[in-house]
Structure formats: structure tokens, C-alpha cells
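Which chain is which? The protein sequence lines are A and B, in order. The C-terminal residue of the first sequence carries number 646 in this note's numbering, and the numbering is unbroken. The C-terminal residue of the second sequence carries number 287 in this note's numbering, and the numbering is unbroken. We treat Cβ as the ideally placed atom computed from N, Cα and C, and that holds for glycine. Quick notes on the structure that follows.
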Amino acid sequence: MKLKSFSGGLHPPDSKEYSAHKPIERCPLPEELIIPAAQHIGAPADICVAVGDQVKKGQVIANANGFVSVPIHASTSGEVIAVEPRLHPMGRELPAVVIKPDGLDQWHESLRQNDPEQLDVDSLKNLIRDAGIVGMGGATFPTHVKLSPPEEKTIDTLILNGVECEPFLTADHRLMLEESERIIDGINILRKVLGIDQAIIGIEVNKPDAIEKLTRDCAAHNIQVQPLKVRYPQGAEKQLINACTGRQVPSGGLPMDCGVVVQNVGTAAAISDAVRLGRPLVERIATITGPGIVEPKNLRITIGTPLQYLVDQCGGLNGEPAKIIMGGPMMGQTQLSLDVPAIRGTSGVLVFREEDLPKMPAGPCIRCGRCIGVCPIHLQPTTIAAYARLEMIDAAENYNALDCIECGCCTYICPATLPLVQSIRHAKGGIMAKRRKI
Amino acid sequence: MLAAVLSIGGIGLVAAATLGLAAKKFAVEVDPRELAILEVLPGVNCGACGLPGCSGYAKGVAEGTIAPNLCTPGGSETVEAIADILGIEAITIEPQVAIVACQGDNRKATNKYRYLGLQDCNAAQKLADGPKTCPGGCLGLGSCERACPFGAIEMTAENLAVINREKCTGCEKCVAVCPRQVIKMVPLKATVHVLCNSHDKGALIRKYCQIGCIGCHICKKTVPEAYVVENFLAFADYEHIENAAAAIEKCPTKCIRDFSTGYPEGSSFPPATVPVKHPAA
Ligand code: SF4
Ligand code: SF4
Ligand code: SF4
Ligand code: SF4
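Here it is as C-alpha cells:
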């Protein structure tokens, strides 16, 4: 049987063997938790606690700031010891609440368990928003916004992203293997909110055990498990929709334009906790891995734990770190130091040493066309990047620079090691600035 | 054959006659002063006057809708010439020149990470606010060099922008493009400048830059009227600059520079102005 997939893309060495077989382990609480107010796409939350306050686990410490925003919660009980700018994974100092855990890890009294069967759609959505649920794949887009499509869009399919196409990461893989009941419960809630029946979980065939387990567990729930060919960036929304349903999201459009809502399996699990247990998003699963880590692991981490502490739980550093990445190696963000905290979008922490990094300096484009061949959006990365370098923003716009999903395939494949994605992103910034001016 | 020659020739004649007539009938009256002004403008279309090109500016000046002294590249000569054409009194302009208020190149200042990306200051600035540890220092990736219409900026081999005061016309294109606001416009006649753009405290600056202003007030104590120290950063007061140079020797980090004499004792400048090669498109 020919496996489903999308066109374009590539298959980098997946390097998942470091951690794929490691069961999820709970990471203990560190000395202090650094919880930034900006952990999602959209307006940062407004901090509403002060130094000296005693907080309980799950208590709101920063209020949502508008519709595309979510509240931030204390991830354990303890004392607020500082409210100040701290180094954020974005690379600059941003407002954060620093909590010294009291070791009791006590949930806030106001949190209530619910039966999703008894609740109407609006209260479910409110619970999801108030629990601070965002896309757990790393994009951190507030989930309640995705679940509120405008009237005129009809949604008929829910796709669950269990692809985890980024090399190295195995957190979703372990979650599907070990906690499928949370995922399935989350899917049932999502289906109720969207008022639809059809749900598909897309999983790449390099996780046969997860496919088998979920196929077995989902049988009773009318959820389809769709095995997919291993191909990066299959976990990108538009590619996943294309792979699972054959539908195409129009240029500049959203998944809802072709009747689909996509959620990560981790998000589904978090939704189950938020609704059934009334527990906000204060922990997640992340893969701490890479050749620079002594003993790679899948950890259940408390939001706000400094990366250094996570690395220490994994046997520490194996040699001098030369590059630290939060997220996957293709789309993750390089970090300035291990002092930054893990946040809601931290799907992994990768550590590489000097000898693991490529050395080739960027040279001129040799016009091999490989970047064009791998681009899943069928753009011409080399052309857009050249226009970006020359500041020819209009020309870059005509070549549809804004459709680039920044998957990094072109940069990965380029034999001249040109920073193509960065150039395209530069052009996108220019186009957006120009549009704002008009 | 003959028919072809005649018909093509005929079409040509008719078209020429029509065009000739149209040019007469629809001729646009151009103010002769506008043409004369365009003649005396430098013609580099740099945009310093606020209009996209010299011809637009010439038109505006002739119509009296825009001030006649906005062409900084042309300097006072141009202003006088325009005043002559318009028959008005010349309003002199103080010639301005750009300076890069930073000497922290790769030898003198540290970077917080190794940057291997697009050789463009604005692109680099978007990654954790740029690789240079100093929040105000020159990134040295040459965005200003490429923006300067007069070729007045060169990048040193150690990644620092250096402005040629002879070539700079004060058009401010570089000021607009620099993401770190490290290029400042100053009066051409002022030659003494504090070349630092960081308001961080001295102790912090010492950690990341050997040639930054630490706000120690020594310059101000030496020549009180010539310097102001604001927020841990000294500035020369261009109104009272006569004796400013006396402080150069005293400055512990040698960040004050007199452009009329050369680089101070103990500094490793002037930097070699070997142009940096950028990866081509
Ligand atoms: S151009 Fe954009 S979408 Fe295409 S391969 Fe490069 S990063 Fe991916
Ligand atoms: S892959 Fe690199 S070298 Fe090849 S065409 Fe694209 S930009 Fe040029
Ligand atoms: S002066 Fe500004 S634009 Fe010029 S190289 Fe330095 S940082 Fe870049
Ligand atoms: S150095 Fe700056 S102000 Fe001077 S001519 Fe060049 S762009 Fe204009």
C-alpha cells in the first residue's frame, strides 16, 4: 500500500534513537521557577501578583490580555520572590514571575473537576481558555481561538497531529504510547466543541508502536488512525491536512478554509486535564536530548524550570555546549544560555557540541535548484532570498514570500549553506512593515 | 518591394507628423526656474530633502511649496545658487556629517553569540537583539555601507562601519537604515566626539567593551564646558567645543576622538579599512 504524504519536503536523519525508548520521567521541582508572561502567540499576559505573595499551583499569576491571549498560572505552590525581566527563550529579557516552591505542590482550592458531558460548548471553550491551553507542538497559538471559527466556515474534520516530524523529539511519541486515554478524552471534548464526528490522528510510520497502540485504543471511539510516510515537515498544519485528507489550504488561508481544525496530541491531552480535572497548563512533556547530553530523556517538566536544571536531571552536559536549541533542530530557537526557563511551547531541549556542528561558511548560490525541489509550499527559496538580500521587498512579495512556513527544508538542503530561511524571514518582515505603512 | 517601402514610409511620415503636432499642442509648460534649479542640484536623488528625487524637489522649490535649503548633499553652494535663481536671500545651512558613535569592533568588544546568518544588520538585530553584547554598538554587517548613495562608508575587516568625512554629504540615509541608532548627525565643524553609544553602567561596559564610555566624568572634569555626561554616557557639547581635545589624553578608555588630528595615543586605530566580502546572491 502506498503511504499517504504531501509533496516536497525531505527526510533528515531522525536521531530519535537517543530517547524514543525512554519512558516519561517526572522532573523534580527546581530551587526557583521563572514563569514569563509571554508564553504564547498574541499579547503577553498582564502580571497580577507581587513580590511576597503566596501562590498555589494553578493560580492565575497573569491575566489574559485580549482575545488572542491566555492567562498564565503558577506551576507550583510557593512564594513570589521576584517580578522582573528575565532572559526569555526569545533571546531578550522579558517580564517574568519568579516563584520559590514551598515543596507542598498544592493545587489552588478554586479548581474544580467537571464532567464534559454535562457542559455546553461555551463553558468548555471558557475552561480551555482559562486553563491557558495553547498549541503544544511549539507554535503556542491559543487553542480557544482555533476552536472559534467564524460562523460562515463549516468544519467537518478534526486532525490530531501525532506526526512529530522534527528530528530528535520523542515527547509526543511517548505521550501517545503511555497516556493515550488523555489524548482520546481530549479528542472527545474537541469533537463536542466543534460539533463534529470525524477525527483523524496522523502518525508517521517510524512510530509503529504508537500507531498500534492508538489504533487499538481508538477503535471504540470512532477515531481514525492514519499512518503516514516519514517526511519533514509533515507536522506543519497545511502539510498534515494535505497528507491526511488530500485537501489544500489556499495561499494566505487557514486550515478552517478547507473545513479542518488541527490540534497537537499534546494539546488534546492538556485539554482533557483542563476540563475533566480543572487543571491549568502548568506542566508538559519535553525531550532533553542531543549528543551534548549524557543521558537523553523524556521529562514531564514544570513550566518555568530553568534549562540547566533539566540538563542536570539528564546526567548533565557531555562536553562543552556549542549550540542549545529549544524545540526541534529544524524550526526550534537557538538559546543564549541554559538560564532560560522551559515554557509552554518547549517541546524539547537539544544540546550540540562544537564537533557536531557543520563548519562550511556560506558561499554563493550554485543554482542547483534543490531548495526549490524540497520546498513543501513550492516556492523558489533562492530567488526570494536573493531579493531579500538586495532589499527588493516588492519582488520578494511577488514570489509569495509570505507563504513560506519557515520549515527550514531549503536551508537544510542548500549545498552552499546559504541562510535561506533567515533571508526569507527578513523579506517577510519588510513586506509586513510596508503593509502596515500603507 | 516598392509597395512595402512606400507603405511603411508613409506610416512613418503620418506618425511623425501626428507626434510633432501633439508635442506642440499638449506641451507642458515648465517653469524655467525649475530647470535651472534642477541644474544646480547634485542629481543623486538621495532623498535628504524628503522627496524621492531631485526633480521633485526642484519643482517644489520653484513653486515655493518647500524650503530652498533642504539639500544637504549640495551644501551651502547649492543653497546660494538656488537663492540666486529665485532672487531671494540665501539661508545658510550648517553642514552636517554622519559619525558612527562606536569603536567597538571585533577586537575591542565581545559578542554574545556567533552569528552566521544573513550579512545584514537589520536581519541580525532580529535574533536576540543582535550578536553584539553591547546594546548600542555597531554590528558591522554593512547595511549602512550599502545604503549610502555616496560610497562614504567602509567596513573594516574587524566589522566596524567607518565614515569618510570627505565623501559624506549628510543625507542621513545611513541613519535611517541602522537598527542600532549608532550613526549620529553632527555639525561638520565639530571634530571632537565621544564615540560610544551605550548607556550601560561602567562596570558592565568594561565586561563587554574595552573602548566604551564608562561615564567616569573625567572628560567633564578636565574641560567642564565641553562635555555633558547623561546616564553614564558622555557627549561633546558642540557649542563649546574649542578646548574639548584636551580631554582626549585623559579619557581612561580612549573613546574620545578628534577627527582633525587622528587617533589618540594608545588606541589601536585607525583600523585597517579592508572591505569585508559578503556572500553573493
Ligand atoms: S521557502 Fe519556506 S516553506 Fe519553502 S522550504 Fe524554505 S522555509 Fe520551507
Ligand atoms: S539549494 Fe542553495 S545553492 Fe542550490 S539553488 Fe537553492 S540557494 Fe542555490
Ligand atoms: S552603523 Fe549601524 S547599519 Fe552600519 S554596520 Fe554598524 S550597525 Fe550596521
Ligand atoms: S555616510 Fe550617511 S549621511 Fe553621509 S552620505 Fe553616506 S548615507 Fe548620507
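Candidates the options, of which the one nearest residue i by Cα
| i | options | result |
| --- | --- | --- |
| B/G56 | B/L41, B/N75, B/R113 and B/N117 | B/N75 |
| A/P324 | A/A347, A/V401, A/W315 and A/G274 | A/V401 |
| A/L366 | A/V470, A/R337, A/C426 and A/A272 | A/V470 |
| B/A209 | B/N203, B/G221 and B/V200 | B/G221 |
| A/Y595 | B/A232, B/I224 and B/D126 | B/D126 |
| A/L436 | A/A428, A/V629 and A/I449 | A/I449 |
| A/H352 | A/D338, A/E359, A/L489 and A/E360 | A/D338 |
| B/C52 | B/P38, B/P193, B/A182 and B/T24 | B/A182 |
| A/E239 | A/D310, A/G616 and A/V259 | A/D310 |
| A/G659 | A/M538, A/I431 and A/P504 | Within the shown structure, residues of chain A are numbered from 209 to 646, placing residue 659 of chain A beyond reach of any answer. |
| A/T542 | B/P185, B/Y119 and B/G218 | B/Y119 |
| A/E606 | A/L587, A/I493, A/G403 and A/P293 | Reading off the sequence shown, one finds Asn at residue 606 of chain A, where the question assumed Glu. Per the Cα distances, A/L587. |
| B/E231 | B/F238, B/N237 and B/H223 | B/H223 |
| A/G286 | A/S277, A/Q267, A/H296 and A/N271 | A/Q267 |
| B/D206 | B/F265, B/A158, B/P155 and B/N237 | B/N237 |
| B/A89 | B/K114, B/G62, B/L44 and B/P58 | B/L44 |
| A/A667 | A/A530, A/M538, A/V490 and A/G540 | Since the first residue shown for chain A is 209 and the last is 646, residue 667 of chain A is missing from the structure and cannot be characterised. |
| A/A258 | A/C235, A/D222, A/P303 and A/R234 | A/P303 |
| A/A494 | A/R234, A/H429 and A/Q432 | A/R234 |
| A/E528 | A/I511, A/P499 and A/S555 | A/P499 |
| A/V342 | A/Y517, A/L544 and A/P279 | A/P279 |
| B/A250 | B/A196, B/C202, B/R212 and B/N203 | B/A196 |
Partners in chain A for residue i, counting only beta-carbon separations shorter than 8 Å
| i | result |
| --- | --- |
| B/Y119 | T542 and L544 |
| B/D126 | R597 and H634 |
| B/G123 | P627 and Q630 |
Assigned exposure category for residue i - 16 Cβ within 10 Å defines buried
| i | result |
| --- | --- |
| A/S331 | exposed |
| A/C576 | exposed |
| A/Q321 | exposed |
| A/T475 | buried |
| A/E225 | exposed |
| B/G149 | Checking the sequence, you will find Ser at residue 149 of chain B rather than Gly. With 16 or more other Cβ atoms within 10 Å, it is buried. |
| B/Q102 | buried |
| A/D602 | exposed |
| B/A22 | exposed |
| A/A379 | buried |
| A/F376 | buried |
| B/M7 | exposed |
| B/A286 | Bear in mind that the predicted position of B/A286 carries a pLDDT of just 39, short of 50, making it unreliable; the figure below should be weighed with that in mind. So B/A286 counts as exposed. |
| A/H248 | buried |
| A/Q442 | buried |
| B/L12 | exposed |
| B/G272 | Low confidence applies to B/G272: its pLDDT is 47, below 50, so where it sits in the model is not reliable, and the reading given next is rough at best. Exposed, by the Cβ-count rule. |
| B/A278 | Unreliable positioning characterises B/A278 in this predicted model, as indicated by a pLDDT of 41, which lies under 50. The coordinate reading is nonetheless provided below. Result: exposed. |
| B/K283 | The predicted position of B/K283 is uncertain, since its pLDDT is 42 and thus under 50; a value taken from the coordinates is nonetheless stated next. That one is exposed. |
| B/R152 | buried |
| B/A130 | buried |
| A/R382 | buried |
Residue i: first and last residue of the uninterrupted beta strand (DSSP E) it sits in
| i | result |
| --- | --- |
| A/M384 | Counting along the chain, A/M384 falls outside any beta strand (DSSP E), though it belongs to the alpha helix (DSSP H) covering A379 to E386. |
| B/M161 | I159 to M161 |
| A/A494 | E491 to T497 |
| B/G16 | Element bounds for B/G16: not the beta strand (DSSP E) but the alpha helix (DSSP H), L8 to K31. |
| A/P435 | Q432 to L436 |
| A/Q406 | Q406 to E412 |
| A/G286 | G286 to L295 |
Cross-chain neighbours of residue i in chain B, by beta carbon under 9 Å
| i | result |
| --- | --- |
| A/G637 | N128, A129 and K132 |
Interface partners of residue i on chain B, CB under 7 Å
| i | result |
| --- | --- |
| A/R300 | A134 and D135 |
Residue i: first and last residue of the uninterrupted alpha helix (DSSP H) it sits in
| i | result |
| --- | --- |
| A/Y517 | L515 to Q521 |
| B/Y233 | Counting along the chain, B/Y233 falls outside any alpha helix (DSSP H), though it belongs to the beta strand (DSSP E) covering Y233 to E236. |
| B/P193 | Segment I189 to P193 is the beta strand (DSSP E) holding B/P193; no alpha helix (DSSP H) there. |
| A/H352 | T351 to K354 |
| A/H634 | L628 to K645 |
| A/I479 | V473 to S480 |
| A/R561 | Segment G556 to R561 is the beta strand (DSSP E) holding A/R561; no alpha helix (DSSP H) there. |
| B/N117 | First-last for B/N117: undefined, no H or E at that position. |
Worksheet item: Whole beta strand (DSSP E) runs in the stretch 566-626 of chain A with 3 or more residues, listed along the chain?
Response: none
Item to complete: Could you name each continuous alpha helix (DSSP H) segment of 4 residues or more that falls completely within the stretch 39-102 of chain B, going from the start of the chain to the end?
Response: 60-69 and 81-92
Worksheet entry | 3 or more residues per run - each beta strand (DSSP E) lying fully within the stretch 223-286 of chain A | 241-244 and 268-271
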